[in-house]
Amino acid sequence: MLRRRLNRWFGGEDRRVDSRTIYVGHRPCPANEVFIPPKFCDNRIVSSKYTVWNFLPKNLFEQFRRIANFYFLIIFLVQVRASFVCMPTQTVISDIIFFKIRTSWLPLVFLTVLICSQGYEDWLRHKADNEVNKYRVTVLEDGRRIQKESEKIKVGDVLEVDEDETFPCDLILLQSSRDDGTCFVTTASLDGESNHKTHYTVPDTERDVESLNATIECEQPQPDLYKFVGRMHIYKNNEEPTLRSLGPENLLLKGATLKNTQSICGVAVYTGMETKMALNYQGKSQKRSVVEKSINAFLLVYLCILVSKALVCTTLKYVWQSKPGQDEPWYNEKTLKEKETNRYLNMFTDFLSFMVLFNFIIPVSMYVTVEMQKFLGSFFISWDKDFFDSEIEEGALVNTSDLNEELGQVEYVFTDKTGTLTQNNMEFIECCIDGHQYKYRDASSEVDGFCVTDGPMNTVQQKAGRVSVVEREELFLRALCLCHTVQVDGLMVDGQVVPPLQEQRGFIASSPDEIALVQGAMRYGFTFLGLESKTMKILNRTNDVEMYELLHVLNFDPVRRRMSVIVRSISGETLLFCKGADSSIFPRVKQEEVEKIRMHVERNATDGYRTLCVAYKHLTPEEYDQVDSGLREARLALQDREEKLMAVYNQVETGMNLIGATAVEDRLQEEAAETMEALQGAGIKVWVLTGDKMETAKSTCYACRLFKRNTELLELTVRTLEYPGKRREDRLHDLLLEYHKKTVQDGVGGNSLTKNNINGATLSMVLNSSSENNLHDYKDLFLQICQNCTSVLCCRMAPLQKAQIVKMVKNSKGSPITLSVGDGANDVSMILEAHVGIGIKGKEGRQAVRNSDYAIPKLKHLKKLLLAHGHLYYVRIAHLVQYFFYKNLCFILPQFLYQFFCGCSQQPLYDAAYLTMYNICFTSMPILAYSLFEQHISIEMLLENATLYRQIGKNAMLRWGPFLYWTLLGVFHGLVFFFGVWFLFSNPALQDNGQAFGNWSYGTIVFTILVFTVTLKLALDTRHWTWINHFVIWGSLAFYVFFSFFWGGVIWPFLRQQRLYFVFANMLSSVSAWLVIIVLILLSLLPEILYVVLRKPRGPYARQVVL
Amino acid sequence: MFRVSVLQTTDVIPSKEKSRCGRVGGVSRSEKMVKQESESANRPDNTAFTQQRLPAWQPILSAGIVIPGFVLIGLAFIGIGVALLVTSRSIQVLELDYTGDGNGSPCSSCSQSTTVNCKCSLNFTLDTLFQGPVFFYYGLSNYFQNYRRYGASKDDNQLYGDLSYFTSPSSSCSPYDYDGSKNPIVPCGSIANSMFNDTFTLTRTVSGKTDSVPLDGKGIAWWTDYNVKYRNPSVTPLKNAFNGTVKPIDWAKPAYELDTSDASNNGFVNQDFLVWMRRAALPNFRKLYRRIDASGDYQNGLPAGNYTIDITYNYPVRVFNGAKKVVFSNVSWMGGKNEFLGIAYLVIGSLCVVMSVVMLIVYAKFKFPDEE
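Listed in order, the protein sequences are those of chains A and B.
Going by the numbering used here, the first residue of the first sequence is number 1, and it counts up by one from there.
Going by the numbering used here, the first residue of the second sequence is number 1, and it counts up by one from there.
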């Protein structure tokens, strides 16, 4: 939106809306007659939600969006108003006022605490923002170095950044302290790739940054981290401006860190909220669990019950009063004020009084208890020693306790691949040269490092006899050493033969496979020494240094799925080495070589290894010149640069000779396969969303048993879309329909084990197509297909695309609960988007952990987190919620029924102390203990039987069925309590001395039955009696008895009415009261006991009997 | 040659771990090992509590426990129910309505006139001995003592004998807090004002001779009400405490004259007053009026004979369709006559037994595998 607004502002000035012009160092350029300093947003980062001015209104609005909070506000206002303004209700208030006002303050206090804590959180965010915004940066202005605050950076400023500093905004690299015009950057906090990336300066700018006179024309900000197109006009002393193309390799992103480079200079192109990082940042919205939504729904039902109760009572009151002599009998005259008040106003105040009387039905204390349960319960996660990983010395981390129960409801797991499923730790396993397999074995067991395990000529003698074989081997190893973008870390002694035994040699590369390959080559005697001013040095087997001039790097890209280098050897030979996926190499090499290698590649792929094929080609000088000019031309193009480059690449990479193939193992995380199997057993669908290539991702999926050999793969990739004679959109449409038919229509039968994989480019077509094509909603089709597959793999996902996928599933029919697991910063958006975000405490980067709701050290911990903790928490909190509604219903129902017998006069049945203490002291502790310690099924059992997880799926315990059951139970109990005692009071002379009981005795008997019944009901539900449960359940019953004695045993000086004085003790002196209490408790619990006994025992997971 | 060179390199090739370490540049392996050995501070406590492994009792309501349990409970309940029912049946109750609705009823003239202290009498005959101790109740119906406004309309501080509340009664007593000329009413409030003021005397006619039955008005109110909750101000004579106050509007005499014969039954601690002040729970209620003094002829209760209740009829109930009655009843250990409890116990007891039989059948038919 900002961009659009920006465009609108400058639309008139800019000729092209899609680009922006930046004056490097704000120096006017000779070419432009007028220098209009363009306006861009400043470099402030705002992640906070509120400002001082809008905090209160905005936060209050957010708070009152919760129904409960809004209700509590209303009730509070009613009570305050009633007690201060409205006399008629004053008496009912004064009945309850002593405690009730305090209890209705309770939610308000609760709310205040909530608001304060959110204010504090936002203040922290402000502080963090400030820290970033006030960070001192060095700006080069007119040849001077000026320290500035980061937020004051303007587009066009030239900045200097030192090693290990983070770039304050998106910069175009102008000058680097390294003499080869490169710098190293790690973007761990942006996309999770921790390796060092090489960025290049713009040619010709290195020397004279201070006097550089240039403009940069580049596209408007966009969130794609890997895309950047621009060009730079460099003006030199009235010469014709030189034109340089700019690509992502020239752009340093805000949030990335400078490594291994002393300092760089760059010009700011995007600042503040327009940086790619900010555009990729998704605000952390408050996540609400499905349980909370259920609570809200139930709350609405109870609000309706409450209002209808109040309405019924008000109506009945006036019906009753209309009978002669009832409105104002001589013994009960109205006060003057009551008489004078308008009848309708009276009705209204009566209605409000009933609301106040019955408002205990809405359990305020439930919110407190739920919060406490969540807060305390989450400790069990962080305390769990099974989550402790001795390697990183950390256990699980709980960032949000709000979502404990959501862990038991997960239907979709979205997992990152690299670092989550795999360790991102590549190892060279074997290679295949000319159809012979070479497997590296430990030197200790085998003298020969190369061990040929198949092929016709497998003896060393024979091999040695054939010189060409050795040559091929060496060529292959040279190719491995040359065809990569690996950098050598550490000092290089110029020109010297570095001893080959550098133990601490480290390699830096954008892809860990490359390191593995280079290391593999090193093992076989070819050591890559480094790249120095376009010269690659290799130490060969005879300890000679071979030098190659690096002419071009044909970068890897996901569509070509290969990369090449063009080098010139000392002898002047120009060679092209290419490595890439088999599917992309095989068509481009001489066909007779393919078959020998294809077999190996396929077998390796089946083993879950990542395979690469290596090929080479001699380039004649003419050929090279053609290529060279083609590449240079394409690189300068501002438009369609990629297509043009691609064309040149494709043209070069043909007719190559296949040398061999490599197999690299990307090791899986511990127990990754077991975890995935357990999750699938639990009925959870696992989607792998990765930024990685499809082949590698696929092999990982096979390795961790997400894909199985015999299942059908439905592919939806750019390749499958390329179909002669058809537009991509049409082909996509056809494919989608075909797959849809397979999965949705026929899939119900046998073909349920299909997997899907999609890649990013296709995805964006799917997601964006709905606007182009109104007839077919691809998104729906796509979703239906995916939801019918057991597992889905999405490759080449940008961070935002991951989030899009999650969002799409989240918003699909039935709004399934989603969970995202990831370890890198590129997973942050999906972690934030999903209902539950899990961060893996990987070795690098804390971004995911910080933004997650839960962080665990390893993927394998996910199993216990979901199957055991999630399951238990869900059962606990679901029971807690239902129980709370139930116990308040049967608490307030007798009070409601009593209105029919007291002329609907708002007479409370229970004493104010009981009204208040019921939820706070008498019945809250047992349920809290239950909701913390209950294990209806033991943890071991839960872990062993993943299928148990399905039982609580789809919010099973909080659907309307169980809710109705609990409500009916509450109604039944309420009726039993009230009418049981009502029958007893047909003769109120219940003592053996003939004395009669009054109304407070009535209420106390009902209340005693109530407290005992609801507590014993909970005791019946408790399956796991720890000493704490015993203590709390029996303790709160004892406390009730003790409190009643105490409360009724003293004349309280601060109470105006001593209505409960000795009522409880007197009640206990009556045998009838005892008998009625016992019989009614038993009657209330009978159905429950029957239900428990007659319920069919549950198969293999029935609890073990420990009696 | 090939082999030799390989040998050389393989010997010295850095392990994968080392090279990675170098790349990461972080803590070296050996340092980490040392750190690990010294017990990590982050390691969660391995206690039963934190690991959710507290020893727990896991009861299961199996048929083997529930069926015998139900049978036992059922039998016990049936036993109690029978005892209750027998006891309740043995309690004698005599109820006599004296509202005077119908023309034939003895008090109809009084119910229609507004005469103060209108006299009427009820006759009844006992054929057998009415087993003592006999309690004499009055009962009111359709009378809402549990009406909220009514129930709140009293001042406990006043009734506790606090003189400061005599002159300024609580506003909750309104409209019975001040009379027309702004004098404070003591005791204030609707409850006190509406105190039941019919009086009864019971006489027995034995062979033409009338004999007044001794009635005992002591101990009809709750002990704590009489001794603790209600107190007269410690002013002697009591009358002086009421200076500057007026009696409740509907009272015939002020509080300090409720029982002039007995100081301990006067003022706020008058037993009839106390009984009235304990509000009934339901609109149809009875309150204890007197006990038949177990002395002389009435040692064992009311002997057979003809009795007359002389009623001083003051209390108007017909305006709100109420009814008045007198009730004679004796009590047992369970209190007054109440069949509900006995029936409830019998029903629930038999329910338990029936259910245990049903369960037995169910279990016999579908033997669940995990039951022993």
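Every residue, glycine too, gets a C-beta built ideally from N, C-alpha and C.
Listed in chain order, the non-local C-beta contacts of Thr203 of chain B below 6 Å within the same chain comprise Thr210, Ser212 and Thr308, local neighbours out to five positions each way being set aside. Residue contact with chain B for Gly435 of chain A: absent (no Cβ-Cβ distance below 8 Å to any residue of chain B).
For Glu514 of chain A, no beta strand (DSSP E) segment is defined; the enclosing uninterrupted segment is the alpha helix (DSSP H) at Pro512 to Arg523. Glu219 of chain A is a Cβ neighbour of Ser19 of chain A, given a cutoff of 8 Å. By the C-beta density criterion, Asn604 of chain A is buried, having at least 16 other C-beta atoms within 10 angstroms.
Pairwise C-beta distances place the segment 328-344 of chain B in contact with the segment 77-89 of chain B, as three or more of them are shorter than 8 Å.
Only Tyr160, Ser170, Ser172, Ser174, Pro175 and Tyr176 from the segment 158-189 of chain B bring a Cβ to less than 8 Å from some Cβ of chain A.
Runs of the alpha helix (DSSP H) lying entirely within the segment 988-1052 of chain A, each at least 4 residues long, are 999-1021 and 1027-1049 in chain order. Between the alpha carbons of Glu163 of chain A and Leu783 of chain A lies a gap of roughly 46 Å. Contact between the segment 389-397 of chain A and the segment 609-629 of chain A is not established, with fewer than three Cβ pairs separated by less than 8 Å. The Cβ-Cβ distance between His879 of chain A and Ser924 of chain A does not fall below 8 Å. With contacts defined by Cβ atoms closer than 8 Å, Leu1018 of chain A and Ile1028 of chain A do not form a contacting pair.
A direct Cα-Cα distance of roughly 14 Å separates Ser168 of chain B from Tyr160 of chain B. Put simply, the segment 88-101 of chain B touches the segment 325-340 of chain B. At least three CB pairs are less than 8 Å apart. DSSP assignment within the segment 261-347 of chain A yields the following whole beta strand (DSSP E) runs of 3 residues or more, N-terminal first: 263-270.
Straight-line spacing of the CA atoms in Arg149 of chain B and Phe375 of chain A works out to 44 Å. Using a CB distance cut-off of 8 Å, Gln669 of chain A does not count as an interface residue toward chain B. For Glu677 of chain A, the nearest beta carbon of chain B is not closer than 8 Å to its own beta carbon.
Cys313 of chain A and Gln899 of chain A do touch by the CB rule: their CB atoms are close to 5 Å apart, below 8 Å. Taken through DSSP and simplified to helix, strand or coil, Glu653 of chain A comes out as coil. Look at Ala878 of chain A here: in three-state DSSP terms it is helix. Excluding five sequence positions before and after Glu934 of chain A, the CB atoms of its chain that fall closer than 6 Å to its own CB belong to Arg876 and His1024, given in chain order. Distance from the CA of Ser194 of chain B to the CA of Tyr313 of chain B, rounded to the nearest whole angstrom, comes to 14 Å. The beta carbon of Asp216 of chain B sits no closer than 8 Å to any beta carbon of chain A. The beta carbon of Cys304 of chain A does not come within 8 Å of any beta carbon belonging to chain B, so the residue lies off that interface.
With its beta carbon less than 8 Å from one in chain A, Ser194 of chain B belongs to the interface. For Tyr138 of chain B, the enclosing beta strand (DSSP E) begins and ends at Val134 to Ser141. Residues of the segment 985-1011 of chain A with a C-beta atom less than 9 Å from some C-beta of chain B are Phe985, Ser986, Asn987, Pro988, Ala989, Leu990, Gln991, Asp992, Asn993, Gly994, Gln995, Ala996, Phe997, Gly998, Asn999, Trp1000, Ser1001, Tyr1002 and Gly1003, listed in chain order.
Counting the other Cβ atoms within 10 Å of the Cβ of Ala304 of chain B gives fewer than 16, which makes it exposed. Put simply, the CB of His1024 of chain A is near chain B, with a gap under 8 Å to one of its CB atoms. Using a Cβ-Cβ cut-off of 9 Å, Ile115 of chain A is close to nothing in chain B; its nearest Cβ partner there is about 33 Å away.
When 8 Å is used as the limit between beta carbons, Tyr147 of chain B is near these residues of chain A: Asn332, Cys902, Gly903, Ser905 and Gln907, in chain order. With respect to chain A, the C-beta atom of Pro248 of chain B has no partner C-beta closer than 8 Å. Scanning A:Phe586, A:His484, A:Pro57 and A:Gly530 for the CA closest to the CA of Ile659 of chain A turns up A:Phe586. Residues of the segment 221-232 of chain B with a C-beta less than 7 Å from any C-beta of chain A: Trp222, Thr224, Val228 and Lys229, listed in chain order. Under a criterion of Cβ atoms nearer than 7 Å, the residues of chain B adjacent to Leu1083 of chain A are, in order, Ile348.
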